[in-house]
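The block underneath contains the structure these notes are about, expressed in structure tokens.
There are 4 protein chains.
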Amino acid sequence: MKPSSSPSEGGLFDGVLARGAVRDQVGDTAWLQAMLDAEAALAYAGAEVGLIGRDQAGTIAAFCRVDRYDLGELGRDAAAGGNPVIPLVRALTAAVYEADPEAAKHVHRGATSQDILDTAAMLVAYRALEPMLADLTATAETAARLADEHRATLMPGRTLLQHALPITFGLTAAGWLVALDTNAGRLSDVRDDRLAVQLGGASGTLASLAGSGVEVVAAYADVLGLAEPVLPWHTDRTRVAELAGALGTVAGAVAKIGRDVALLAQTEVAEVREEAPGGSSTMPHKRNPVSAVSAVAAAQRAPGLVSTLLGAMAQEHQRGAGSWHTEWLPLRDLLGTVGSAVASLRDCLGGLVVDADRMRANLDLTGGHLLTERVTTALTTRLGRLAAHDTVTRASAESVASGRPLGEVLAESGIPADEVAALLDPASYLGSADEFIDRALAAHESTVEEES
Amino acid sequence: MKPSSSPSEGGLFDGVLARGAVRDQVGDTAWLQAMLDAEAALAYAGAEVGLIGRDQAGTIAAFCRVDRYDLGELGRDAAAGGNPVIPLVRALTAAVYEADPEAAKHVHRGATSQDILDTAAMLVAYRALEPMLADLTATAETAARLADEHRATLMPGRTLLQHALPITFGLTAAGWLVALDTNAGRLSDVRDDRLAVQLGGASGTLASLAGSGVEVVAAYADVLGLAEPVLPWHTDRTRVAELAGALGTVAGAVAKIGRDVALLAQTEVAEVREEAPGGSSTMPHKRNPVSAVSAVAAAQRAPGLVSTLLGAMAQEHQRGAGSWHTEWLPLRDLLGTVGSAVASLRDCLGGLVVDADRMRANLDLTGGHLLTERVTTALTTRLGRLAAHDTVTRASAESVASGRPLGEVLAESGIPADEVAALLDPASYLGSADEFIDRALAAHESTVEEES
Amino acid sequence: MKPSSSPSEGGLFDGVLARGAVRDQVGDTAWLQAMLDAEAALAYAGAEVGLIGRDQAGTIAAFCRVDRYDLGELGRDAAAGGNPVIPLVRALTAAVYEADPEAAKHVHRGATSQDILDTAAMLVAYRALEPMLADLTATAETAARLADEHRATLMPGRTLLQHALPITFGLTAAGWLVALDTNAGRLSDVRDDRLAVQLGGASGTLASLAGSGVEVVAAYADVLGLAEPVLPWHTDRTRVAELAGALGTVAGAVAKIGRDVALLAQTEVAEVREEAPGGSSTMPHKRNPVSAVSAVAAAQRAPGLVSTLLGAMAQEHQRGAGSWHTEWLPLRDLLGTVGSAVASLRDCLGGLVVDADRMRANLDLTGGHLLTERVTTALTTRLGRLAAHDTVTRASAESVASGRPLGEVLAESGIPADEVAALLDPASYLGSADEFIDRALAAHESTVEEES
Amino acid sequence: MKPSSSPSEGGLFDGVLARGAVRDQVGDTAWLQAMLDAEAALAYAGAEVGLIGRDQAGTIAAFCRVDRYDLGELGRDAAAGGNPVIPLVRALTAAVYEADPEAAKHVHRGATSQDILDTAAMLVAYRALEPMLADLTATAETAARLADEHRATLMPGRTLLQHALPITFGLTAAGWLVALDTNAGRLSDVRDDRLAVQLGGASGTLASLAGSGVEVVAAYADVLGLAEPVLPWHTDRTRVAELAGALGTVAGAVAKIGRDVALLAQTEVAEVREEAPGGSSTMPHKRNPVSAVSAVAAAQRAPGLVSTLLGAMAQEHQRGAGSWHTEWLPLRDLLGTVGSAVASLRDCLGGLVVDADRMRANLDLTGGHLLTERVTTALTTRLGRLAAHDTVTRASAESVASGRPLGEVLAESGIPADEVAALLDPASYLGSADEFIDRALAAHESTVEEES
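One line per chain: the protein sequences are A, B, C and D, in this order.
In this text, residue positions in the first sequence follow the working numbering: the first is 3, and each later residue adds one.
In this text, residue positions in the second sequence follow the working numbering: the first is 3, and each later residue adds one.
In this text, residue positions in the third sequence follow the working numbering: the first is 3, and each later residue adds one.
In this text, residue positions in the fourth sequence follow the working numbering: the first is 3, and each later residue adds one.
Here you go:
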């Protein structure tokens with residue numbers, strides 16, 4: 003019973019912050035339908051266990067369609083009792099009563115408002131994770147392609163925003179790939195193992211279901227395709243927190259890649275650009291990396307939302323006096339914003355234009371200084387580590403001060419010129435870069451196979 | 003030009019988390035109208051300075067009405083350039099062009115997208131703070147009334163959720179009052195002094211306005227009734243952070259009071275109850291403090307949102323590559339959720355039913371143990387501080403263990419029985435409670451006078 | 003090579019916020035030793051692969067003892083290069099040089115500062131998780147005992163801090179148990195699967211190790227007993243974020259239990275108390291639930307720290323320009339504060355005194371109102387759901403208003419008095435509580451077996 | 003009584019994350035001394051009001067010196083009661099008793115633990131803000147100098163990390179200046195107006211001081227040089243939150259400037275560099291902007307800490323059951339980390355080397371594309387806004403595609419070549435940049451005068 007589809011209306015900032023398909027799974031309509039799906043599943047579960055007739059369950063389920071209810075009115079009526087399930091159950095019961103008064107007696111049977119709302123939250127999450135995982139997987143595919151294609155594309159490695167040693171763009175993409183695959187794997191595990199139904203009744207005993215409570219829970223979980231919990235988790239919010247943690251981690255991985263792209267696309271760096279960069283209202287020449295920027299923007303909302311959800315875990319006794327209610331919007335916002343971030347990153351990487359010549363040109367900007375580590379190491383066997391380090395530091399400083407090539411200065415310190423030239427060739431100083439790419443691609447392949 | 007009115011449609015959780023009048027000031031429609039107000043004000047400012055004709059400004063302004071535009075479409079079209087102002091300016095220009103091609107040349111003149119969006123954000127904040135301050139002020143009035151009416155209403159002071167010394171409910175309410183007044187004062191100062199227009203053009207120089215940029219900024223601020231900044235603050239987000247900090251502090255003050263009410267309303271405590279407590283879908287006897295719970299729920303979203311806004315301050319160079327965009331939704335959400343929290347607290351306190359008899363009964367629950375500090379102090383003059391402390395500790399332990407009244411046990415330690423009785427009378431051990439209430443009420447009066 | 007022991011000096015707030023054994027694993031000394039362990043392991047790994055002699059590795063390792071270095075001086079010297087590894091390597095190299103100049107050439111070979119610091123962070127985390135998991139497990143054992151012992155101990159279920167339906171204290175404890183077990187399981191998985199060595203050299207290629215980089219990484223991981231990564235993760239902070247998320251979730255679970263205890267220990271509720279409650283400087287009668295309060299206090303620091311770590315994930319290119327450095331203290335603080343929270347909770351639950359009589363007395367406070375759901379359900383078969391709900395609501399209101407017992411009022415509505423009495427007996431309205439306890443205990447048993 | 007000096011020992015990460023003079027004001031020793039200062043002030047206040055003899059107060063004060071107490075032991079003994087004031091008062095009383103048993107009776111008179119700890123927190127904050135404000139002011143001075151000196155230093159304005167319009171480095175520095183001045187002003191206001199003593203006794207009534215409570219509070223505030231509150235603020239944490247908000251805002255302003263410097267110092271940009279850039283353990287050529295990176299690193303810890311402090315505001319009744327204790331370390335960490343961030347920024351800007359030639363060279367990189375807005379505006383008067391925009395967009399695209407200078411392409415579209423040349427001169431297209439610098443400097447001057 004997992005799919006849902008409820009294209010909500012567009013918001014003013016959606017093109018930037020609610021991109022992709024997750025958006026339609028986390029709107030008000032999707033939540034309300036998920037609540038109704040929970041009520042329908044509860045009726046079916048009751049029928050499975052023999053508490054109510056199958057026809058009655060079918061009648062109840064027939065009224066569990068979002069277009070039968072006035073969402074705005076339910077929202078307003080939520081004020082009196084503190085949640086929208088109370089007016090929803092009233093409306094659903096009244097509707098079923100019209101069709102079959104006997105069936106109406108079984109609406110919401112055994113459940114408390116939180117059972118329906120928590121189960122709906124888990125359904126919403128499950129449904130939102132589908133397009134999010136699809137976007138993550140597609141983005142990982144792109145990263146895998148870039149890693150393989152650009153194995154030999156030399157570029158400067160950069161630490162603290164300064165040139166360090168040569169790397170390849172393939173290795174950069176392989177790093178992105180591992181992050182994307184790891185995060186997709188964790189998110190997928192959380193979806194399969196941790197998204198569970200909620201059913202406990204008013205105080206978590208399922209008292210009103212007499213002895214069949216446990217059976218009903220199992221059937222309810224089965225109908226909805228969600229996990230079955232050991233016991234009701236009304237005030238054990240570990241599941242919500244694990245979901246939040248996984249989403250927050252995805253967001254961080256996306257923000258890292260998006261920022262890398264924005265930095266590589268800087269006017270002075272220009273090593274990559276987006277396929278369809280953004281314009282500006284006043285500067286027609288701008289080539290803004292809009293998808294990368296949108297990915298970063300959406301991803302950066304996540305840490306605060308995660309902290310709100312973690313902070314709301316301390317829920318009192320058998321139902322929280324506020325902290326439970328605190329969760330609703332941040333959970334929705336977190337799913338939505340991470341979904342948007344991933345969708346933006348997919349667009350960004352999917353059409354990334356890589357300028358290998360510019361990467362090489364940038365690598366050569368410093369005239370070989372990126373290879374001082376190598377030279378230091380080569381000298382270490384002759385001079386010892388500290389002396390070698392100092393020698394190269396001096397040569398490097400002189401080269402910078404005088405503007406003379408580093409190779410020239412180094413050659414004067416007694417190393418044969420051809421050795422210097424060989425030492426300063428970046429292509430031969432890439433260490434295990436290629437092996438690392440292979441390992442990342444192999445891990446990716448095994449992930450993909452596992453999924454299929 | 004500050005009022006705006008745009009009742010947005012209701013959401014599923016609005017009755018709990020979007021209560022009161024702030025909600026209508028922070029929706030998409032309100033934002034879009036604020037952007038249009040900024041464009042109109044820019045045209046008027048240009049006319050004021052003589053850059054464009056007054057008629058042209060009037061023509062532009064005539065098209066700055068939200069119902070002329072398709073908000074959803076603008077939101078979708080925001081994707082290409084990374085913000086909704088780009089398509090809005092295009093649509094506005096086209097509309098004005100139909101009416102007066104000359105006027106169309108002056109649409110958005112001198113401005114960049116961020117000028118319009120930031121100014122709109124400040125306008126939205128200004129307008130949202132009006133009902134929020136009204137709710138805060140009304141809540142403070144209620145607290146002042148409670149403080150005065152309940153000067154003599156004895157109740158247990160509670161520390162770490164344990165009875166401590168006797169206090170009065172009036173003192174409790176006076177503490178709430180000071181918090182509410184202080185926060186309203188700060189919020190009001192931020193509104194008046196720190197909400198400023200934004201106008202800098204593409205890189206913050208107002209280059210396209212030639213020499214009249216500074217004059218235009220002054221006129222623009224004047225039209226909108228917002229503060230005039232020293233220079234464009236595109237990437238100096240201090241103003242946004244100050245607003246966020248003030249709102250987060252309000253939220254904390256509200257959460258404290260809401261939690262106090264929920265605790266005082268516990269079944270076992272029952273010292274207060276809401277006028278219209280909430281029911282439950284399954285437990286008709288419930289008297290849930292729904293307004294207090296809703297206040298806490300909404301307020302607890304604030305710290306995470308504040309941290310997101312503070313974290314987004316590190317915006318690159320002349321316009322942030324993502325962090326600026328990150329601000330939009332958290333700022334809106336923060337205004338909205340704090341507005342809802344304050345509105346819920348107003349409902350909660352406005353109809354609070356105080357049970358003075360129950361307060362007194364709870365005070366007597368421990369048979370005088372709350373006054374051990376007083377007894378200790380009285381004994382200190384005879385025995386010294388440490389010995390007195392130990393004596394009373396022993397008497398207290400014996401009283402608890404034996405179930406005998408503390409007074410009886412104490413009388414055996416050599417203090418005259420009538421002195422013990424006098425020492426154990428809570429009404430005569432309230433220290434400066436009354437003076438503190440007077441000070442709080444006096445401070446409140448001076449605040450109210452200042453406002454009017 | 004995992005154990006470490008470095009009792010750091012006590013701080014002013016340690017008795018409240020740095021309780022238990024985790025504290026000694028996260029102090030400066032523990033970090034410095036972990037860095038040295040990483041250097042030693044790197045030497046051994048080099049020997050394993052044949053890059054350096056075994057004797058040389060042994061010589062280097064002999065100098066990797068924390069008491070040989072001046073921690074404060076290293077900290078000060080960290081300023082110049084931006085991290086403490088740079089002066090440490092200098093000092094270590096100098097020390098080794100004295101003993102064996104050849105060995106000195108191999109100190110820190112192939113590594114960059116971040117390799118050592120990140121590996122140290124993972125070691126610190128690994129070592130800190132040992133006592134934390136021990137405390138969690140012991141706390142879970144206590145919860146299991148309480149769940150079993152108090153299967154029949156009736157108490158009021160409480161929702162929104164109001165009495166709801168009857169439950170047992172055993173069910174309450176079973177809920178705590180599941181939360182503790184789930185969190186311990188996740189934390190244990192993160193420790194075993196996600197704490198990995200870091201080794202990539204200056205730009206993540208291990209360029210200076212020529213072709214043997216991958217082999218060295220494997221040996222390095224083997225020596226340290228940490229996981230081997232697919233490739234260097236210098237700017238893929240997924241591992242750190244997963245650890246943070248797991249810790250933040252533990253904190254939330256602890257805060258929930260600690261808050262429950264503090265609420266149950268309230269003067270008016272008095273259902274539990276700590277074995278050794280806290281006193282007060284001025285109120286000798288106080289029985290403060292100090293361990294619960296300390297647990298909550300420490301746990302509440304976690305969400306903000308997690309958000310900082312998630313926010314720091316967007317690290318630029320091959321090494322972050324600030325965000326990497328941002329991680330160090332929050333990671334340490336998070337480990338330390340969650341460790342303290344768990345240790346405090348262990349103390350709290352370990353000596354928890356449960357007052358079953360008081361629980362029953364509180365349950366009877368409302369004269370049967372907790373069972374209105376049951377009565378409603380019983381009436382539903384006769385009257386239909388809505389009518390039954392309304393009838394009971396009216397009876398409940400009348401009972402409250404008149405002060406007459408609910409049973410008496412209900413009997414007048416036509417239900418036989420003995421049926422009313424049976425319906426109002428809480429012990430026969432516990433639904434699946436016992437089964438849920440059994441399930442929680444069974445799950446706990448299987449967890450314990452798995453661990454051993 | 004405000005100065006304190008207690009150089010604490012150095013930590014492993016202090017050179018990066020605890021730079022400057024704030025560090026010594028927030029360590030354990032500083033906190034303990036502040037607690038003792040509060041006890042001494044309380045004694046003097048009692049003497050002022052006539053509750054105790056002046057000699058007795060002097061005797062008490064004589065023992066209020068941090069070196070008389072074992073900090074580690076106090077920390078350990080804090081466990082029993084939940085805070086370190088309880089053992090401290092016991093130790094202080096015992097010490098005074100030895101000297102004068104009568105005086106010992108007056109130690110801690112009227113106060114509760116929270117009075118001393120909260121007052122100490124305010125003192126610690128006051129003392130920490132002194133060096134922080136000194137660093138902020140010095141940094142602002144540097145920014146003012148840079149703004150003035152570099153009025154004519156042309157550089158590219160950058161939006162979304164892409165070149166936008168020309169600006170001057172002076173304008174950039176003026177923007178930093180306004181942010182620094184505004185933040186210093188707010189911080190200074192919070193220090194003067196909002197840091198207040200705490201004195202309420204066990205439940206906030208000052209019951210044990212009988213009628214003289216209010217007088218004692220006034221004298222206590224006077225002795226300490228802190229503000230006098232309207233009433234005790236034990237559970238109204240507005241003051242702490244306001245301080246936190248101000249510090250978080252400072253952090254954001256610092257992070258923005260630090261990030262700007264790190265970006266401007268990138269190898270490919272190279273417009274600025276630090277006077278003493280950092281080296282690397284393996285790459286001797288590195289010129290890492292270590293102070294900027296350290297500033298960013300420390301500043302980024304702030305948002306999470308602020309959210310923890312805001313989240314801890316909901317403190318129960320008359321003393322929080324955990325949330326009060328939660329505050330202690332985050333407040334200290336926030337003061338410390340913001341202090342370090344400001345100190346690092348002071349170092350960073352103080353020695354900033356500005357390369358005006360490189361700025362100009364970068365400005366010319368795009369061959370005039372930065373001035374397309376200007377050209378568009380010039381064409382707008384002939385063609386209308388949309389047509390002008392499209393024309394320039396096309397010319398720009400052709401220039402990029404063909405590699406021909408923009409001026410050449412534009413000249414072909416009918417604009418006279420000399421007009422094109424004039425339009426493409428950046429120095430004549432700076433709008434109000436100079437006026438904005440003047441305004442920022444004037445505002446700075448008035449701030450400085452106000453302070454002195």
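Every residue gets a Cβ at the ideal spot worked out from N, C-alpha and C, and that includes glycine.
Here the structure is a predicted model, which is why all the values come from computation and not from measurement.
Residue i versus residue j - alpha carbon distance
{"i": "A/GLU437", "j": "B/GLY247", "result": "49 Å"}
{"i": "B/ALA198", "j": "B/LEU245", "result": "11 Å"}
{"i": "B/LEU144", "j": "C/ALA397", "result": "Strictly speaking, residue 144 of chain B in this sequence is Thr, with Leu absent from that position. Each residue's Cα considered, the two are about 33 Å apart."}
{"i": "C/ALA380", "j": "A/GLN27", "result": "39 Å"}
{"i": "B/ASP2", "j": "D/MET124", "result": "Past the edges of chain B, shown from 3 to 454, lies residue 2 of chain B, and the structure says nothing about it."}
{"i": "B/ALA130", "j": "B/GLU452", "result": "21 Å"}
{"i": "A/LEU201", "j": "A/SER325", "result": "19 Å"}
{"i": "D/TYR71", "j": "C/VAL24", "result": "26 Å"}
Local Cβ density within 10 Å of residue i, reported as buried at 16 or more and exposed below that
{"i": "D/SER404", "result": "exposed"}
{"i": "D/LEU367", "result": "exposed"}
{"i": "C/VAL87", "result": "buried"}
{"i": "B/ASP16", "result": "buried"}
Beta-carbon gap between residue i and residue j smaller than 8 Å
{"i": "D/ARG261", "j": "D/VAL298", "result": "yes"}
{"i": "D/HIS446", "j": "D/ARG321", "result": "no"}
{"i": "C/MET134", "j": "C/VAL344", "result": "yes"}
{"i": "C/ALA314", "j": "D/GLN302", "result": "yes"}
{"i": "A/ARG188", "j": "A/THR251", "result": "yes"}
{"i": "B/ALA316", "j": "D/LEU163", "result": "no"}
{"i": "D/PRO472", "j": "D/LEU408", "result": "As shown, chain D starts at 3 and ends at 454. That puts residue 472 of chain D outside it, with no answer to give."}
{"i": "C/ILE205", "j": "C/LEU53", "result": "In the sequence under discussion, the amino acid at residue 205 of chain C is Ser, which differs from the Ile named in the question. Contact: no."}
{"i": "A/LYS107", "j": "C/THR382", "result": "yes"}
Item to check | Members of the stretch 245-271 of chain A near chain D, C-beta cut-off 9 Å | outcome: ALA264, LEU265, ALA267, GLN268, THR269, GLU270 and VAL271
Checklist entry - Of all the residues that make up the stretch 60-85 of chain D, which are near chain C by a beta-carbon distance shorter than 7 Å? => result LEU73, GLY74, LEU76, GLY77, ARG78, ASP79, ALA80, ALA81, ALA82, GLY83, GLY84 and ASN85
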